[in-house]
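Undergrad: Heads up, our numbering is the position in the sequence shown plus 262, with the first residue counted as 1.
Below is a structure I'd like to ask you about.
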Amino acid sequence: MPQQPAGDKILILDFGSQYTQVIARRVRECQVYSEIVPYHTKASAIAKLKPSGIILSGGPASVYAPKAPQVDRKIYDLGIPVLGICYGMQLIAHGLGGKVERSTEREYGPGKLKGDAKCALFHKLPATLDVWNSHGDKITKLPTGFRPLGKTENSPHAVIGDTKRNIYGLQFHPEVVHTPRGGEILANFVHRICGCKSNWTMESFIDRTCREIQEQVGDGRVILGLSGGVDSSVAAALLHKAIGDRLTCIFVDNGLLRANERAAVEKLFAGEFRIRMKTVDASKQFLTKLKGVTDPEKKRKIIGNEFIKVFEAAAKDLKKTDPGHYRFLAQGTLYPDVIESVSISGNPAALIKSHHNVGGLPERMKFELVEPLRQLFKDEVRRVGAELGLSKEIVHRQPFPGPGLAVRIIGAITAERLRIVREADAIVIEEMRASDWYYKVWQSFAVLLPVRSVGVMGDERTYDYTIALRIVSSHDGMTADWVRMPQEILARISARVINEVKGVNRVCYDISSKPPATIEWE
Ligand code: XMP
Numbered sequence: 263m264p265q266q267p268a269g270d271k272i273l274i275l276d277f278g279s280q281y282t283q284v285i286a287r288r289v290r291e292c293q294v295y296s297e298i299v300p301y302h303t304k305a306s307a308i309a310k311l312k313p314s315g316i317i318l319s320g321g322p323a324s325v326y327a328p329k330a331p332q333v334d335r336k337i338y339d340l341g342i343p344v345l346g347i348c349y350g351m352q353l354i355a356h357g358l359g360g361k362v363e364r365s366t367e368r369e370y371g372p373g374k375l376k377g378d379a380k381c382a383l384f385h386k387l388p389a390t391l392d393v394w395n396s397h398g399d400k401i402t403k404l405p406t407g408f409r410p411l412g413k414t415e416n417s418p419h420a421v422i423g424d425t426k427r428n429i430y431g432l433q434f435h436p437e438v439v440h441t442p443r444g445g446e447i448l449a450n451f452v453h454r455i456c457g458c459k460s461n462w463t464m465e466s467f468i469d470r471t472c473r474e475i476q477e478q479v480g481d482g483r484v485i486l487g488l489s490g491g492v493d494s495s496v497a498a499a500l501l502h503k504a505i506g507d508r509l510t511c512i513f514v515d516n517g518l519l520r521a522n523e524r525a526a527v528e529k530l531f532a533g534e535f536r537i538r539m540k541t542v543d544a545s546k547q548f549l550t551k552l553k554g555v556t557d558p559e560k561k562r563k564i565i566g567n568e569f570i571k572v573f574e575a576a577a578k579d580l581k582k583t584d585p586g587h588y589r590f591l592a593q594g595t596l597y598p599d600v601i602e603s604v605s606i607s608g609n610p611a612a613l614i615k616s617h618h619n620v621g622g623l624p625e626r627m628k629f630e631l632v633e634p635l636r637q638l639f640k641d642e643v644r645r646v647g648a649e650l651g652l653s654k655e656i657v658h659r660q661p662f663p664g665p666g667l668a669v670r671i672i673g674a675i676t677a678e679r680l681r682i683v684r685e686a687d688a689i690v691i692e693e694m695r696a697s698d699w700y701y702k703v704w705q706s707f708a709v710l711l712p713v714r715s716v717g718v719m720g721d722e723r724t725y726d727y728t729i730a731l732r733i734v735s736s737h738d739g740m741t742a743d744w745v746r747m748p749q750e751i752l753a754r755i756s757a758r759v760i761n762e763v764k765g766v767n768r769v770c771y772d773i774s775s776k777p778p779a780t781i782e783w784e
């Protein structure tokens, strides 16, 4: 397999910013390989990795805080270009003899940047740029060799640099969408200052990840919870490519699946792909545990717990028939799942790397996790899936949450409520497909509200449930907006749900964006 050429690599030192992965993503968008390492990685270890550039991420600390994460200052002597973002910039200024002071006012939100046109960071960019700030400290004295290369209304040192040593600092966040041309600033750093070529592709991601999986797993066996959704399907295909029959997929029928889901997943994975697969019908077990539970977090925790129990039992069974050692559990965890699941408090640099709790996975878990997609965003996972030869049907499937229909039934889960939301969901999907809208939106689904209202059907009074219809657009699931659907389609879905699903007499359309709402209702 082709090795990543030395040199065409950007190393990102993580100081605990929630945006660290977004920086990595922006670098990947330049088709340059990037790797995230902890902030305390020694300069000697960094030198061994032979990066052609180093980015110091932002972070929530102040460089003067007692336990502020510090960088090994020898990195500035390696002769490798360095870019510090926000906290990373304060570190550069502080570490190289400048002065950083607490600002009386925290600068947060949009700003206008005037960059030095001669600076390589602003190559081919307009004189004034919209940028996004989020910091409390400011630089009052520049280190020797540095000069200002950009300013905002509030800061004469919004961009600083020592162009001889190729060390730069940005006070704002170029990686976030609120800095619309920020990707180009990073691209200028990566290509023009670090000299990286665009040679990183999804194909090279697949090769490298397969190698990493093989290294992690050795001759062990892996089980993977296959849900049939994009993430676990792509993870399954990737693992299958890496370790073949040493992967066994477990498909759990938890009683919270969509109509026909089980048969479709079995046909595709066991049938077409010939992946080793075992279906466990645990619906009774799940539904018994969920009886009467109304709290959304409790539902998630229970489902996460039962999943693990089912996996552990399945792994035990597998061990009986197979001498291999099943100690690995693979998951299709993506980056947004990771950051939304960790608490951004205390020392986030440590927390962000700690065991997250996606879907309520219990800490006592007896598996070692294999998460080949945890640095990617959804659209990147889809590209990996397509590269692996998965069909559009799978790759562009709308996301479906791990806890299934449980989080689409507000309140207690009963057999009747499950039937209602399942039937309504099937109609929504059918109509979205028939009208060619299914692939145009991020998600479209039905939520059952525990509210009954009065209606009239024929000559009879009804007192039935309400279905909320949620159709959203999104780029990566982190933010979303409700879709302005053609009224005829909404009308058809509403009419069909009310006419065909017994127990429903009202359909509402959810017109909330994320934030402040979330996509799922629970
Ligand atoms: P929210 O509701 O947090 O959802 O705005 C963002 C995206 O994530 C999906 N989602 C989940 N996916 N396990 C998953 O695999 C989960 O527990 C889970 N909860 C939400 C959701 O459908 C949306 O696309």
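Positions of the beta carbon are idealized from the N, C-alpha and C atoms, including for glycine.
Treat the numbers as computed from the prediction; the structure is a model and nothing was measured.
Give a single yes or no on whether Lys702 has its beta carbon closer than 7 Å to a heavy atom of the ligand XMP.
TA: On the sequence shown, position 440 is the one that residue 702 refers to. Answer for Lys702: no, Cβ out of range of the ligand XMP.
Undergrad: So Arg723 is in the beta strand (DSSP E); what residue range does that whole segment cover?
TA: In the sequence shown, counting from the first residue as 1, residue 723 sits at position 461. From DSSP, the beta strand (DSSP E) with Arg723 extends over Glu722 to Ser735.
Undergrad: What is the DSSP secondary structure of Val620, reduced to helix, strand or coil?
TA: Residue mapping note: residue 620 aligns to position 358 of the sequence shown, counting from 1. Note that Val620 scores 40 on pLDDT, short of 50, meaning its location in the model is unreliable and no value can be drawn from it.
Undergrad: Rounding to the nearest angstrom, what Cα-Cα distance links Ser279 and Ile760 in this structure?
TA: Here the question's residue 279 lines up with position 17 in the sequence shown. Here the question's residue 760 lines up with position 498 in the sequence shown. Rounded to whole angstroms, Ser279 to Ile760 spans 47 Å at the Cα level.
Undergrad: Buried or exposed: Pro624, going by 16 or more other Cβ atoms within 10 Å of its Cβ?
TA: As a position in the sequence shown, residue 624 is number 362, starting the count at 1. Residue placement at Pro624 is poorly supported in this model, since its pLDDT is 41, which falls under 50; the coordinates still yield a value, given next. It is exposed - the Cβ of Pro624 has fewer than 16 other Cβ atoms within 10 Å.
Undergrad: Skipping 5 residues on each side, what residues in its chain have a beta carbon closer than 7 Å to that of Ile672?
TA: Numbered from 1 along the sequence shown, position 410 holds the residue referred to as residue 672. Around Ile672: Val709, Leu710, Leu711, Pro712, Trp783 and Glu784.
Undergrad: Is Phe277 closer than 8 Å to Gly785 when the C-beta atoms are compared?
TA: The structure shown does not extend to residue 785, since the chain is modelled only from 263 through 784, so no value can be given for it.
Undergrad: Scan the stretch 301-368 and note each continuous beta strand (DSSP E) run of 3 residues or more that stays entirely inside, going in chain order.
TA: Complete beta strand (DSSP E) runs here, min 3: 315-318 and 344-347.
Undergrad: Is Glu782 a contact residue of the ligand XMP, with contact defined as CB to any heavy atom under 7 Å?
TA: Here residue 782 is taken as the residue at index 520 of the sequence shown, counted from 1. Result yes, Cβ under 7 Å from the ligand XMP.
Undergrad: Using the rule of at least 16 other Cβ atoms within 10 Å of the residue's Cβ for burial, across every protein chain shown, is Gly696 buried or exposed?
TA: Within the sequence shown, numbered from 1, the residue matching residue 696 stands at position 434. In the sequence on display, residue 696 carries Ala and not Gly. The residue is exposed, with fewer than 16 neighbouring Cβ atoms inside 10 Å.
Undergrad: Beta-carbon within less than 6 Å of Lys615's beta-carbon, same chain only, minus the 5 sequence neighbours each way: which residues are those?
TA: Here the question's residue 615 lines up with position 353 in the sequence shown. Confidence at Lys615 is low in this model, with a pLDDT of 24, below 50, so its placement is unreliable and no value can be given for it.
Undergrad: Look at the alpha carbon of Ser607 and the alpha carbon of Glu722, and state the distance between them as a whole number of angstroms.
TA: As a position in the sequence shown, residue 607 is number 345, starting the count at 1. As a position in the sequence shown, residue 722 is number 460, starting the count at 1. Confidence is the limiting factor: at Ser607 the pLDDT is only 31, short of 50, which leaves the residue's position unreliable and the question unanswerable from this model.
Undergrad: Using only CA atoms, which one of Trp704, Cys770 and Phe548 lies nearest to His658?
TA: Numbered from 1 along the sequence shown, position 396 holds the residue referred to as residue 658. Of the listed residues, the one whose Cα sits closest to His658 is Trp704.
Undergrad: Using only the heavy atoms of the ligand XMP, determine whether one of them is closer than 7 Å to the beta carbon of Gln280.
TA: For the purposes of this step, residue 280 is taken as the residue at position 18 of the sequence shown. For the ligand XMP, not one heavy atom lies less than 7 Å from the Cβ of Gln280.
Undergrad: Thinking C-alpha only, which one of Pro313, Lys459, Val683 and Thr441 is nearest Thr390?
TA: The residue you call residue 390 lines up with position 128 of the sequence shown. Nearest C-alpha to Thr390: Thr441.
Undergrad: Is Leu358 near Val325, with beta carbons less than 8 Å apart?
TA: Counting from one through the sequence shown, the residue named residue 358 turns up at place 96. Counting from one through the sequence shown, the residue named residue 325 turns up at place 63. No, the Cβ-Cβ distance between Leu358 and Val325 is not below 8 Å.
Undergrad: Does the distance from the C-beta atom of Ile272 to that of Ser296 stay below 8 Å?
TA: The residue you call residue 272 lines up with position 10 of the sequence shown. The residue you call residue 296 lines up with position 34 of the sequence shown. Contact: yes.
Undergrad: By the three-class DSSP mapping on this structure, what secondary structure does Met694 have?
TA: Counting from 1 along the sequence shown, the entry for residue 694 is found at position 432. Helix.
Undergrad: According to the neighbour-count rule (16 or more other Cβ atoms, all chains shown, within 10 Å of its Cβ), is Arg483 buried or exposed?
TA: As a first step, residue 483 is located in the sequence shown; it is residue number 221 there, counting from the start. Buried: at least 16 other Cβ atoms inside 10 Å.
Undergrad: Could you check the C-alpha separation between Asp469 and Leu500 for me, to the nearest Å?
TA: Numbered from its first residue, the sequence shown carries residue 469 at position 207. Numbered from its first residue, the sequence shown carries residue 500 at position 238. Whole-angstrom Cα-Cα distance: 10 Å.
Undergrad: With a CB to CB cut of under 7 Å and the five nearest residues on each side skipped, what residues in its chain are close to Gly412?
TA: Within the sequence shown, the letter at position 150 stands for residue 412. Excluding sequence neighbours, Gly412 sits near Leu375, Lys376, Gly377, Asp378, Ala420 and Val421.
Undergrad: Let me check one thing: in DSSP terms, what residues is Pro410 bridge-paired to?
TA: Locating residue 410 in the sequence shown gives position 148, counting from the first residue. According to DSSP, which records beta bridges pairwise, Pro410 is partnered with Ile422.
Undergrad: Mind pulling the alpha helix (DSSP H) runs of 4 or more residues that sit fully within the stretch 464-524?
TA: Counting only runs of 4 or more, we get 464-479 and 492-505.
Undergrad: Check whether the stretch 287-296 and the stretch 447-461 touch, using three or more Cβ-Cβ pairs below 8 Å as the test.
TA: The stretch 287-296 is in contact with the stretch 447-461.
Undergrad: Put Val284 into one of helix, strand or coil per three-state DSSP.
TA: Residue 284 sits at position 22 when you count from the first residue of the sequence shown. Three-state result, Val284: helix.
Undergrad: In three-state DSSP terms, what is Phe707?
TA: Locating residue 707 in the sequence shown gives position 445, counting from the first residue. Phe707: strand per DSSP, three-state reduction.
Undergrad: State yes or no: is the C-beta of Lys459 nearer than 7 Å to some heavy atom of the ligand XMP?
TA: Position 197 of the sequence shown, counted from the first residue, corresponds to residue 459. No; taking the cut-off as 7 Å, the Cβ of Lys459 has no heavy atom of the ligand XMP nearer than that.
Undergrad: On the DSSP bridge list, what partners appear for Phe590?
TA: As a first step, residue 590 is located in the sequence shown; it is residue number 328 there, counting from the start. Phe590 is bridged to Val484 and Glu630.
Undergrad: How many angstroms separate the CA atom of Arg768 from the CA atom of Val690?
TA: Here residue 768 corresponds to residue number 506 of the sequence shown, with the count starting at 1. Here residue 690 corresponds to residue number 428 of the sequence shown, with the count starting at 1. Looking at the two C-alpha atoms, the distance is approximately 14 Å.
Undergrad: Do Gly594 and Phe548 have their beta-carbon atoms positioned less than 8 Å apart in this structure?
TA: The residue labelled residue 548 in the question sits at position 286 within the sequence shown. The residue labelled residue 594 in the question sits at position 332 within the sequence shown. No, these two residues do not count as a Cβ contact at 8 Å.
Undergrad: Can Gly533 be considered in contact with the ligand XMP, in the sense that its beta carbon sits closer than 7 Å to one or more heavy atoms?
TA: Residue 533 sits at position 271 when you count from the first residue of the sequence shown. Incorrect: Gly533 has no Cβ contact closer than 7 Å to the ligand XMP.
Undergrad: Strictly by DSSP, which residues pair up with Ser545?
TA: The count along the sequence shown starts at 1 and reaches residue 545 at position 283. Per DSSP, none; premise fails for Ser545.
Undergrad: Closer than 7 Å to a non-hydrogen atom of the ligand XMP - does that hold for the CB of Lys560?
TA: Residue 560 sits at position 298 when you count from the first residue of the sequence shown. Not so, every heavy atom of the ligand XMP lies at least 7 Å from the Cβ.
Undergrad: Taking only the alpha-carbon atoms, compute the straight-line gap between Ile429 and Phe451 and give it to the nearest angstrom.
TA: Translated into the one-based positions of the sequence shown, residue 429 becomes position 167. Translated into the one-based positions of the sequence shown, residue 451 becomes position 189. The straight-line gap from Cα to Cα measures roughly 10 Å.
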